[in-house]
Amino acid sequence: MTARHRKRHPVADPLNTPREEHRREAAVPSSPVAAPAPAATVRNGSDKKRGGFANLILHIHPRQVPVAALRLDRTLGLGGAAVALFFVLVATGVLLLFAYEPSPASAYGSIQALRRDVLFGDFIRNIHHWSGNLLLVVTVLHLLRVFFTGAFRPPRALNWIVGLALLLLGVASNFTGYLLPWDQLAYWAVTISTGMLDYLPLAGRWLQTLVRRGPDIGPATLATFFALHIAILPILTVFLMMFHFWQVRKAGGVILPTADPAGPRPAMMPVSPHLTRREGAAALALLAAVCLLAALSDAPLEAQANPGMSPNPAKAPWYFMGLQELLIHFHPVMAVFVLPLLAVAVLVALPYLRYDGPPSGRWFHSPRGALLARVAAGVALAVTPLAILADEWLPGLRTLLPRAPELLLDGVLPLALLVAVGAATFALLRHRGFSLHEIVQAFGAAGVVMLLVLTTIGIFCRGQGMALVWPWAGHLPPP
Amino acid sequence: MNEQPQTPDAPAEPSRRRWLGTAGKILGLVAAAEFAGVAVAFLWPRRSRRDEEASATVTCGPVDEFTPHSVTAFPAGRFYLVRLADGGFLALSRTCTHLGCTVPWDEAKGRFVCPCHASAFDIAGDVLSPPAPRALDLHPVRIENGVVRVDSGRAIQRQRFELSQEVYL
């Protein structure tokens, strides 16, 4: 890493500026006195010209970027969108702090008062709500962009893991914020989600008591979630975000299709204004979209939390619905512990596999890789709902092995089946001459579609008593 | 010993310095563990024995008020007092053993049905249909001078219903 960085350095320095940059800065004389350090001289001169804002931006961005990196289809602006949403969340969150009272007795009332008495109270709360949910969507899309352009591999391996940690912080922030209104939705979603902790082997009950700070959700839980939500998680996020940006620069910016080394050097453009204006426009468009959403659609607020009455159906927050759906089909230890742990381990290990060659930097690596990923996604889209229906309606293994333990039937056997099918597919694809990168990508595509299907079914197709229903029947009032 | 050529800039680390360095690192880790322990202890739920005992015992009423094969809810104690057909008493926690939802008693069907994931329990708290992994938790029941009292502060986990769990007059 260090050697690479040192080697790159002169290229990034203004000495090597292409023509446009030279023309813009021709008026700045470079002093012959400072000949031993000409780079510093040029930087000083241009800094004076650029002013504070550009200087600040140039801590995050390099002075110039390849023209190819400016194209929207390189990044889809997703990382930038996440940053913009984070700032919107901080701004609206700080405003909400002035209205919110973090105790079970007054939390719900303070939200009601905010909605009733405060001018734009609802609007600010809605912006916070929609930005928080959009942030998760945007972060996951950003992760998918990085994955499908091959940017998770070295030299970006560490940054991939930092990104995963940031996603985790995003989920934790959203989840801790979920409890704060202290309505039925909040109370039971958090009860169910923390109830899942009980199934972790060994330390599960201990961890649950620590998170809830007691046997049930109570005043101490609210105090804990509030502290995490407004202080600890945002601070961690800011630090990790800065590290994330620094790592992007260290890796030489956005991943680009590998150019012919013998060909001409890629055309460069100054970041200010070409990239900064694009980023500004994208952020403003996003802000407009969030404001529109907030104006049209209210954040939910149900009846005040009532520990004596679970609503039917009681559901986890939408981003845990995939997990809750797994919990319906698998043994809890499997759904809550083994599968998520496996998924995290695979995600973390992903950059460090022995791939055949460097990433191409193209979307889906190669035309063949794109085709394979599409096929894998299609198969997952077809198989997942069928598997859910089969589990719901077919008699299952229980009829064959009436005395077998739950963990074997709902845990070990399905896992063994999944692993066997995966291994066979892997061997077959390898035999057909697909590269490891293409195969990993195909599995990734299948995994994402599976999670998406599970989440969609959990949100829209689970009615009373978590029975399968048509999406349009799910929201009817109980008979 | 020193077969490898050594430059004067990088002499072999004296063993004392290396030992101190290692000891320093270990002490640092111990200190970090201590701080982590202090933080966990700080966050651990506070518990005052006296408060608990005073507030946790719920006086349900005289034995005769509860007919055999009946379920009575005590929302303040978060439990159901059940009198089984043979006259024995059980105090069932109302918290589902699956994910912690509150299970209501369905009088018509004669079973507890969890609204969250459709687990069902019979009148003694035994699992009738999964995903609940075990029977509803119990609270200790005492009958003193013909009056039923339940210690709602203490929950007893169990796998299934057994006759020995019942409390008789």
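Read top to bottom, the protein sequences are chains A and B. Our numbering numbers the first residue of the first sequence as 1 and each following residue consecutively. Our numbering numbers the first residue of the second sequence as 1 and each following residue consecutively. Heads up, the beta-carbon is just placed ideally off N, CA and C, and yes, glycines get one too. Please read all numbers here as calculations on a predicted model, not as lab measurements.
Annotation: A/Arg-205 to A/Phe-330 spans about 20 Å, alpha carbon to alpha carbon. B/Ala-120 has its alpha-carbon roughly 15 Å from the corresponding atom of A/Ala-314.
Contact annotation for A/Ala-467 against chain B: Ala-118 [CB-CB distance below 9 Å, chain order]. Burial state of B/Arg-17 is exposed, judged by a 10 Å Cβ sphere holding fewer than 16 other Cβ atoms. In the pairwise beta carbon analysis, the stretch 141 to 152 of chain A is classified as not touching the stretch 335 to 344 of chain A: fewer than three pairs are separated by under 8 Å.
The shortest CA-to-CA distance from A/Tyr-108 to any of A/Pro-300, A/Leu-169, A/Leu-134 is the one to A/Pro-300. CA-CA distance, A/Val-254 to A/Ser-310, rounds to 48 Å. Against chain B, a Cβ distance below 8 Å from A/Arg-213 picks out Leu-43, Trp-44, Pro-45. Taking a C-beta distance under 9 Å as the contact criterion, A/Tyr-319 and A/Val-171 qualify as a contact pair. In the structure shown, B/Cys-60 falls within a strand segment according to DSSP collapsed to helix, strand and coil. Of all residues in the stretch 187 to 208 of chain A, the ones placed with a Cβ closer than 8 Å to any Cβ belonging to chain B are Trp-188, Thr-191, Ile-192, Thr-194, Gly-195, Met-196, Asp-198, in chain order. When secondary structure is reduced to three states using DSSP, A/Pro-66 falls in the strand class.
Residue pairing from DSSP leaves B/Trp-44 without any beta-bridge partner.
Interface annotation for the stretch 412 to 427 of chain A against chain B: empty, criterion Cβ-Cβ distance under 9 Å.
Taking C-beta atoms as the reference points, A/Leu-381 and A/Val-453 count as a pair closer than 9 Å.
The beta carbons of B/Trp-44 and B/Val-71 sit about 35 Å from each other, so the pair does not count as a contact at 8 Å. The beta carbons of A/Phe-443 and A/Phe-148 sit about 12 Å from each other, so the pair does not count as a contact at 8 Å.
Contact of B/His-139 with chain A is not assigned, every C-beta pair being separated by 9 Å or more.
Taking a Cβ-Cβ threshold of 7 Å, the residues of chain B close to A/Gly-308 are Pro-75, Thr-102, in chain order. Under the Cβ criterion of 9 Å, A/Pro-332 is counted among the residues facing chain B.
By the criterion of a C-beta distance shorter than 7 Å, A/Val-190 is surrounded in its chain by Tyr-178, Leu-179, Ile-217, once the five residues flanking it on both sides are discounted. Around the Cβ of B/Arg-142, a 10 Å sphere holds fewer than 16 other Cβ atoms; the residue is exposed.
Bounds of any beta strand (DSSP E) do not take in B/Ser-119, whose DSSP letter is neither H nor E. Judged by DSSP in its simplified three-state form, A/Glu-101 adopts coil rather than helix or strand.
Under the Cβ distance rule, A/Glu-101 does not count among the residues neighbouring chain B, no pair being separated by less than 9 Å. Taking the CA atoms as reference points, B/Val-147 sits about 9 Å from B/Leu-169. For A/Tyr-178, the enclosing alpha helix (DSSP H) covers residues 157 to 179. Only residues of its own chain outside the window of five on either side were considered, and among them Leu-164 have a CB closer than 7 Å to the CB of A/Leu-347, listed in chain order.
For A/Gln-304, the nearest beta carbon of chain B is not closer than 9 Å to its own beta carbon.
Where A/Leu-185 is concerned, the enclosing alpha helix (DSSP H) starts and stops at 184 to 195. Rounded to the nearest whole angstrom, the C-alpha separation of A/Pro-62 and A/Gln-247 is 12 Å.
Contact of B/His-69 with chain A is not assigned, every C-beta pair being separated by 9 Å or more. Annotated three-state conformation of A/Glu-438 is helix, per DSSP. Val-40: these are the residues of the stretch 30 to 42 of chain B whose beta carbon lies less than 9 Å from some beta carbon of chain A, given in chain order.
Per DSSP, the unbroken alpha helix (DSSP H) holding A/Pro-234 starts and ends at 233 to 250. B/His-139 is bridged by DSSP to B/Ala-91.
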